[in-house]
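To start, the structure under review is shown below, and the notes come after it.
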Ligand SMILES: Nc1ncnc2c1ncn2[C@@H]1O[C@H](COP(=O)(O)OP(=O)(O)OP(=O)(O)O)[C@@H](O)[C@H]1O
Ligand SMILES: [Mg+2]
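Residue numbers (our numbering): 437 to 619.
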C-alpha cells in the first residue's frame, strides 16, 4: 500500500454514488472505479439477469481483477453493495442515503418500474446497505451521509475531501470547486 488510501462509496441505486465519486475523482486525481461498468467492460459476470435487467456480478472475478489496483491505493470505488470486498481495501467507507420519495422520483425518471423500482425503494426503506456496511467495516471508518439535494452533495464532497486530507491519503487538490457537477 502506498500513502494513498482507497475510498468506498456505497448506497442504494440512485442515491448519487457515481455523481459524488466523479466529482471526488476529478478533485483528487484518484481513480474512479464504478464497479457496474468494470463488470460489464471486463466480463466479470455470470451472464445477464433478465428479470432485474443487470449483469450477475461474479464477486471472485471482481476482487481478483481489482486486487493489484487496490493494493496501490488512490481509488474511489462506487458500488451498490459492499459486503464482498476485502475489508482491508478501504480506509474510508461512505454510505449515501436518500429520502424515499426523492429516490422514487429519481429512479422513475431513470425509467425504473415494477419489481426493479419496488425492490430498490424497499432496499432504502429497510436500510439494507447501511446495515451491510456496518457488518462489513469498522464503525470508525464509516460515514453515513444524506444525499437528497445538490447542497447535500456539495457538503459530502467536503466531508470526503477532509477525510482524505486528514488521513494518510493526502495530496488532495481542492483548487477547482467551480468544476463541480450541478443538476
Ligand atoms: N445529492 C443529489 N441531489 C440531487 N440529485 C442527485 C444527487 N445525487 C445524485 N443525483 C441525481 O440522481 C441521479 C442518480 O445519481 P447517480 O447516477 O450518481 O446514482 P448512483 O447511486 O450511482 O446510482 P446506481 O447505483 O444506479 O449507479 C442522477 O440523475 C443524479 O444527477
Ligand atoms: Mg452509479
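Positions of the beta carbon are idealized from the N, C-alpha and C atoms, including for glycine.
Between the alpha carbons of residue 504 and residue 568, how many angstroms are there, rounded? 25 Å
Taking the CB atoms as reference points, tell me whether residue 557 and residue 512 lie closer together than 8 Å. no
Would you report the Cα separation of residue 477 and residue 561, rounded to the nearest angstrom? 31 Å
Exposed or buried, what is residue 440 when buried is set at 16 or more other beta-carbons lying within 10 Å of its beta-carbon? Burial of residue 440 is indicated by the presence of at least 16 other C-beta atoms within 10 angstroms of its C-beta.
Pull up the DSSP beta-bridge partners for residue 447, would you. 532
Cβ-heavy atom distance, residue 454 to ligand 2, below 7 Å: yes
At least three beta-carbon pairs within less than 8 Å, the stretch 573 to 587 to the stretch 531 to 540: yes
Contiguous alpha helix (DSSP H) assignments of at least 4 residues, all confined to the stretch 459 to 506: 471 to 477
Using a Cβ-Cβ cut-off of 6 Å (strictly less than) and excluding sequence neighbours within five positions of residue 572, which residues of its own chain qualify? 518 and 519
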